[in-house]
Amino acid sequence: MMRTLPEGDARAALYYQILNESDDPAELEAASLWLEANPEKLQAFENIGHFMAVCDHVAATLPTQEVVAELGEAGGTDRRLWSWAWRAAASLVLVAAGAAFFILGRYDERTRIAGTSATQYATKIGEVRSVGLADRSNIVLSGASAVTVTYGRDFRRVTLNQGQAVFKVAHDPARPFTVATQSGTVRALGTEFDVHRSSAGTRVTVVEGVVDVTARSPDRVAVARLRPNMQIAYSSAGEMSPIMKVDAARMVDWQRGTLRFVAEPLSAVVADLNRFSTRPIIVENSVLAGEEITGTARIDGILEWLYALSESMGMTIEVSKNGAILLRGDGRRPTTTRIVSEPAPRREPLAGA
Amino acid sequence: MLPFVGRDANGHAGAFRDAFRANEPRLLAFLTARLGSRAEAQDVCQSVFLKLWERVDELHGDNLTSLLFVTARNLATDRMRSSGWRARAESLDDEGALTAQIADDAPHAERVLAARHELKVIGAILQELPEKCRTAFIRYKFHEESYAEIAAAMALTESMIRKYVLRAMAHCAARYAQLEGWE
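If you're matching them up, the sequences are chains E and Z in order. Here the numbering used here is used: the first residue of the first sequence is 1, the next is one more, and so on. Here the numbering used here is used: the first residue of the second sequence is 1, the next is one more, and so on.
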């Protein structure tokens, strides 16, 4: 007894292929227009992207021989003898595999959220908001940030979808509290810590208690245990940094309107400022974007701070017609760390601590 | 408030911004499918804007749609490999900052196990396809052969191979999503 198979959408597949492979402007134009004109096909389109990514992941993780052995050397005939057994057993195998995915955590955010009731909290640019949760844990969301909270009988799961937040976790050994970002997880029982997500990766700072950070890359799983005043970062691809010693109290100062930067590239600084600035700030020059900045900005005085910054680093500031703040520099100066306004805390390596 | 130097009316930059906004929903849809996460897609989308904005004055006359999608595709690939972070971690290392990293170099059994399960699912779904269609897709996706190579090996036309690959993608993606939904 076979289930009815879903039709599939070859057109969605075609346009997915074009957008991934074609260099022909006309084809790309047609494909992208189709995408816009057919929102009801978006699910089929996403499913195709998802399936192809799963194939890529399998090919990257397992030895080629194993993949070939499982799928059959270019569809060898002996596989067909299996076919009937497969068809008969398919649903059982697949249900088991599905359960294994669940246990192993190998499913994406979308699936995870679909299965359970989840609550989303988000802040606008410039808004800092405190969210009290049912177990008396508390999340302070920074500007333009978003979390999804899913509580179950034996877990407390939060996904930091974007931005930054400080988590004060009520102690409950029976229900670990986890915060997931791109490629890693932060796990705590009862503690206070800050998680900052950007396009490059995620930074975790512990204020109180102990948290375990796990980052997953295609090659390996890295685990680090952080205690107060320790910080670690992992990239969106799951590469983990060394543990750094920081003054955690200052790292969570954004809750009181102060943003601190320690040797951050200007592009990252601007990404943070943009979560608070009512006018978008744009770095117009890639040399400038890489300049390392150390300093402290008040969220109610971002423009003034940028001006102070511009004077110390040969950068000019202009406001475009539509109100965007444009940062320009000629890249004449060598890339060095610049101290602005006050000496900010240095990140010290943990060695010898 | 400190005085600002106003920027001259720059129609060029403005036009680019408008065109980008118009294309943004499609770009996001594409990147969401490619990266599997809307938040990631938004990050990359923003990077596409900044990257092109940096050279907005040179873009005159180029086909913006293809520029946007080719840039997005490249950045998405970079994102998946993300060598940028590795370089940054190594530079910290040079300063002697590398210390208490606890890394598990053992062959991440959990991931391998999960990938094996995925492989089994893919295998089972592929079995539902006609043999030529399945063979074409496996060669294309897992042996990384070109359409032309597959066509030659299977003594079929290239356009037939393309059709097989598309059919396999459409069927498998729908089935995979259906099975995942069972969770």
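By construction, the Cβ of each residue, glycine as well, lies at the ideal position given by its N, Cα and C atoms.
When beta bridges are read from the DSSP output, Pro265 (chain E) appears opposite E:Glu292. It is roughly 36 Å from the alpha-carbon of Met169 (chain Z) to the alpha-carbon of Val223 (chain E).
As DSSP reads the structure, Ala224 (chain E) sits in a beta bridge with E:Val213.
With 16 or more neighbouring CB atoms inside 10 Å of its own CB, Gly201 (chain E) falls in the buried class. Collapsing the DSSP output to three states places His171 (chain Z) in a helix. Residues of the stretch 283 to 302 of chain E with a C-beta atom less than 9 Å from some C-beta of chain Z are Val283, Glu284, Asn285, Ser286, Ala289, listed in chain order.
One alpha carbon belongs to His57 (chain E), the other to Leu156 (chain Z), and they sit about 29 Å apart.
Put simply, the CB of Tyr140 (chain Z) is far from chain E, with every gap to its CB atoms at 8 Å or more.
Of all residues in the stretch 55 to 70 of chain E, the ones placed with a Cβ closer than 9 Å to any Cβ belonging to chain Z are Cys55, Asp56, His57, Val58, Ala59, Ala60, Thr61, Leu62, Thr64, Glu66, Val67, Val68, Glu70, in chain order. Per the C-alpha coordinates, the member of E:Asn47, E:Ala188, E:Leu259 positioned closest to Glu208 (chain E) is E:Ala188. Ile18 (chain E) has its alpha-carbon roughly 18 Å from the corresponding atom of Glu24 (chain Z). Distance check between Val149 (chain E) and each of E:Val158, E:Gly143, E:Ser142 places E:Val158 closest, using alpha-carbon atoms only. One finds nothing in chain Z with a Cβ atom closer than 9 Å to the Cβ of Leu266 (chain E); even the nearest lies about 12 Å away. In the structure shown, the three-state DSSP call for Thr148 (chain E) is strand. With fewer than 16 other Cβ atoms inside 10 Å of its own Cβ, Phe155 (chain E) counts as exposed.
For Ala12 (chain E), the nearest beta carbon of chain Z is closer than 8 Å to its own beta carbon.
Taking 8 Å as the cut-off, the beta carbon of Arg197 (chain E) is found closer than this to the beta carbon of Thr181 (chain E). Beyond the five residues adjoining it in sequence on each side, Phe20 (chain Z) comes within less than 6 Å, by CB distance, of Phe49 in the same chain, given in chain order. For Arg136 (chain E), the number of other beta carbons within 10 angstroms of its own is below 16, and it is reported as exposed. Judged by DSSP secondary structure, Leu19 (chain E) falls within the alpha helix (DSSP H) whose first and last residues are 10 to 21. Asn47 (chain E) has its alpha-carbon roughly 21 Å from the corresponding atom of Glu144 (chain Z). At a cut-off of 8 Å between beta carbons, Gln162 (chain E) contacts chain Z.
Assigned with DSSP and collapsed to three states, Gly201 (chain E) falls in strand. No Cβ of chain Z is located within less than 8 Å of the beta carbon of Ile139 (chain E). Residues Thr214 of the same chain have their beta carbon placed closer than 7 Å to that of Val221 (chain E), with the five preceding and five following residues left out of the count. If you keep only unbroken alpha helix (DSSP H) runs of at least 4 residues inside the stretch 20 to 65 of chain E, you get 25 to 37, 42 to 61.
Taking a contact to require three or more Cβ pairs closer than 8 Å, the stretch 249 to 262 of chain E and the stretch 24 to 43 of chain Z do not qualify as touching.
Proximity of Ser47 (chain Z) to chain E, defined by a Cβ-Cβ separation below 8 Å, is satisfied.
For Arg79 (chain Z), the chain E residues whose C-beta falls within less than 7 Å of its own C-beta are Ser236, listed in chain order. A direct Cα-to-Cα measurement between Lys132 (chain Z) and Gly72 (chain E) gives close to 13 Å. Selection E:Leu141, E:Ala118, E:Gln120 evaluated against Arg129 (chain E) yields E:Leu141 as nearest (Cα-Cα).
Taking Ala148 (chain Z) as the centre and dropping the five residues before and after it, the same chain places the C-beta of Glu158 closer than 8 Å to its C-beta, in chain order. Collapsing the DSSP output to three states places Ser236 (chain E) in coil. Note on geometry: alpha-carbon atoms of Ser235 (chain E) and Ala152 (chain Z) lie some 42 Å from one another. Chain Z places a beta carbon closer than 8 Å to that of Arg216 (chain E), counting this residue as a contact.
Chain order gives the chain E residues near Thr65 (chain Z) as Pro25, Leu28, Glu29, Ser32, where near means a beta carbon separation below 8 Å.
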